[in-house]
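What follows is a set of notes on a single structure, which appears directly below.
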Amino acid sequence: MSPALRLVDWVSVFVMWLGLTRPCRADGLYRCRRSDQKVKESLLVPKIVMTAEPAGGVKFDSDQGFLSVIRRRVDEYFRSTGRRQRDCPQMYLKSAIFLMWLAASYVLLVFVAHTWWQALPLALALGLAMGAIGLNVQHDAAHHAISRYEWVNRLMALTLDLVGGSSYLWHWKHNVSHHTYVNITGRDVDIEVSFLARFTPHQRWLKIHRWQHFYLWGLYGLMISRWQLFGDFHDLITGRMGGHRFPRPKGWALATFLGGKLVFLALAFGIPMLVHPVWAVLVLYIVATTVLGVVMAVVFQLAHAVEPAAFPVPRPATGRIDNSWAVHQVQTTVDFARKRRLVSWLLGGLNFQIEHHLFPRICHVNYPDMSKLVEATCKEFGVKYAEHESVWAGVASHYRWLRRMGKPDAVGFCRCRPS
Ligand SMILES: [Zn+2]
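Quick note on numbering: the working numbering labels position 213 of the sequence shown as 275, and the sequence is numbered without any gaps.
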């Protein structure tokens, strides 16, 4: 592309960012379709304008009773036990513990540590605290799963902005793109990480993918710093994430985005550089974000980029997936380490991703008990309920999956019947 054309491109992006023009509809502006309206209702996400859907969208088969039965049983479970779906005391307690862990490790690292052997474990602790906040607090809050009071969820969701992400962009990336179109190539932005990663048999194969089961673990470590310092700004300016358009933040949402980034940059670099050398701040930032990146990536990858997970493709002629939305969620998702209570506590119940994908608005502290109901109902309806017994079994499966996808003739467990 010539420099002049590139300049025109950037001027267009800037003008669109100012809100003076809009991308044209034919260029893939998102439209709301009836099929997505159904998905929106099933996700029970309030105040969401479900517009992140490119023209020629994906539709799911109608539900054959699976979703209604499983919902009825879960409702009955909460009625009979008297437990709460949201506003669970143990959730508030663990949120307070993780926020104190974050504050303590930050204060000790920045204002108390004076030697490398003090700073290094504190940087690791800070990275893990950010991970715990993300997996437990921010993720539930973004799904409106912490409280029945919307202001509580919104406030807790801002913890993502505090640790350098954007709660606004997360909503579009995670709640809309990932949860609606999980493991559908070209629709789920979670499997469109980089040209260096091939997670599905339907993505283009490159020679470098032969070694992805070795190098991707390192790239996971770089994911967070890229996200905090570049990715969110890129998405904001271009109005695209993973090639898909989304509504740019305006007004209060834009102010939150920019304010959150300013607070994060001040906490991560500004204040520490007042009391420590620049190189030390940068090294410890890399340590903290690397451990955070590996933890976050592995937890989410163990749910979807593993051997038992399906990667369905829509029928080319109709855009239809040969399963209902609920069955699709179960077949594309894998639980792990369900019997390990500490794992569930630390990972925000994200080792119960099948339950989470079916009931994202129920607080994760309820997932271990709900999982028995969900598993039994899946069995009854002939829906495959997959799990790995331990974290390591999941990690090994992810490794083998990456190795398999690194081969040019890779095939996976995908129900991709020809149209
Ligand atoms: Zn989620």
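Cβ atoms here follow ideal geometry from the backbone N, Cα and C, with glycine treated the same way.
How far does the alpha helix (DSSP H) with Ala448 in it reach, from first residue to last?
-> For Ala448, there is no enclosing alpha helix (DSSP H); the enclosing beta strand (DSSP E) covers residues Ala448 to His450.
Consider the C-beta atom of Ala204 and the heavy atoms of ligand 1; say whether any pair is separated by less than 8 Å.
-> Indeed, a heavy atom of ligand 1 lies less than 8 Å from the Cβ.
Can you give me the Cβ contacts of Leu408 inside the same chain, cut-off strictly under 6 Å, excluding the 5 residues immediately before and after it?
-> Correct list: empty, nothing qualifies.
Does the distance from the CB of Ser459 to the CB of Val396 come in under 9 Å?
-> Cβ atoms of Ser459 and Val396: closer than 9 Å.
Alpha carbon to alpha carbon, how far is Ser239 from Val174?
-> Between the alpha carbons of Ser239 and Val174 lies a gap of roughly 42 Å.
Determine the contact status of Ser228 and Gly322, defining contact as a CB-CB distance below 9 Å.
-> Here Ser228 is near Gly322, since their CB atoms are less than 9 Å apart.
Using a Cβ-Cβ cut-off of 8 Å (strictly less than) and excluding sequence neighbours within five positions of Gly189, which residues of its own chain qualify?
-> Excluding residues up to 5 positions away in sequence, Val349, Ala350, Thr351, Thr352, Val353, Leu354 and Val357 lie with their Cβ nearer than 8 Å to the Cβ of Gly189 in the same chain.
Compute the beta-carbon to beta-carbon distance between Tyr139 and Leu404, rounded to the nearest angstrom, for a pair I have assumed lies under 8 Å.
-> With a contact defined as Cβ atoms closer than 8 Å, Tyr139 and Leu404 miss out at about 24 Å.
Does the stretch 366 to 381 touch the stretch 335 to 350, meaning 3 or more C-beta pairs lie closer than 8 Å?
-> Put simply, the stretch 335 to 350 does not touch the stretch 366 to 381. Fewer than three CB pairs are less than 8 Å apart.
Excluding the five sequence neighbours on either side, which residues of its own chain have a C-beta within less than 6 Å of the C-beta of Asp252, listed in chain order?
-> Only residues of its own chain outside the window of five on either side were considered, and among them His240 have a CB closer than 6 Å to the CB of Asp252, listed in chain order.
Since His386 sits in a beta bridge, which residues does DSSP pair it with?
-> The displayed chain sequence assigns Ser, not His, to residue 386. Residue pairing from DSSP places Ser386 in a beta bridge opposite Asp123.
Nearest to His236 (by Cα), restricted to the options Gly304, His426 and Leu164 = Here the closest residue by C-alpha is Gly304.
Identify which residue in Leu464, Gly313, Pro334 and His338 has its Cα closest to the Cα of Glu369.
-> Closest option to Glu369, judged by alpha-carbon separation, among Leu464, Gly313, Pro334 and His338: Leu464.
So, helix, strand or coil for Val361, using DSSP?
-> Taken through DSSP and simplified to helix, strand or coil, Val361 comes out as helix.
Pro370 Cβ short of 8 Å to ligand 2 heavy atom set = This structure simply doesn't include ligand 2; it includes ligand 1 instead.
Do you know offhand how far Ala472's Cα is from Ala259's?
-> C-alpha of Ala472 to C-alpha of Ala259: approximately 14 Å in a straight line.
Tell me the start and end of each unbroken alpha helix (DSSP H) in the stretch 150 to 177 that is at least 4 residues and wholly inside, in chain order.
-> Listed in chain order, they are 151 to 169.
CA-CA distance, Ser386 and Phe362?
-> For Ser386 and Phe362, the distance between alpha carbons rounds to 23 Å.
Identify whether Phe326 lies in helix, strand or coil by the three-state DSSP scheme.
-> In the three-state DSSP reduction, Phe326 falls in the helix class (H, G or I).
Closer than 7 Å by C-beta to Ala191: which residues in its own chain qualify, once you throw out the five before and the five after it? Chain order, please.
-> Hits under 7 Å: Phe160, Trp163, Leu164 and Ser167.
Grab the span of the beta strand (DSSP E) containing Phe398 for me, first residue to last.
-> Counting along the chain, the unbroken beta strand (DSSP E) around Phe398 starts and ends at Val396 to Phe398.
Examine the Cβ distances between the stretch 419 to 428 and the stretch 205 to 216 and report whether three or more of them are shorter than 8 Å.
-> Contact holds between the stretch 419 to 428 and the stretch 205 to 216, because three or more Cβ pairs, one in each stretch, are under 8 Å apart.
Run the CB neighbour count on Ala371, radius 10 Å, all protein chains shown included, and call it buried at 16 or more, exposed below.
-> With 16 or more Cβ atoms within 10 Å of its Cβ, Ala371 is classed as buried.
Taking Gln200 as the reference, give the member of His176, Ala187 and Leu217 with the closest Cα.
-> Comparing Cα positions, the closest option is Leu217.
From the DSSP output, read off the bridge partner residues of Arg302.
-> Bridge partners of Arg302: Arg307.
Tyr230 versus Asn245, Ala315 and Gly193, residue with shortest Cα-Cα distance | Comparing Cα-Cα distances from Tyr230 to each of Asn245, Ala315 and Gly193, the minimum goes to Ala315.
Could you pull the start and end residues of the alpha helix (DSSP H) that Val337 belongs to?
-> Segment Ile333 to Val337, the alpha helix (DSSP H) holding Val337.
Determine the direct distance from the alpha carbon of Val337 to that of Phe414, and round the result to whole angstroms.
-> Pairing Phe414 with Val337, the inter-Cα distance amounts to about 42 Å.
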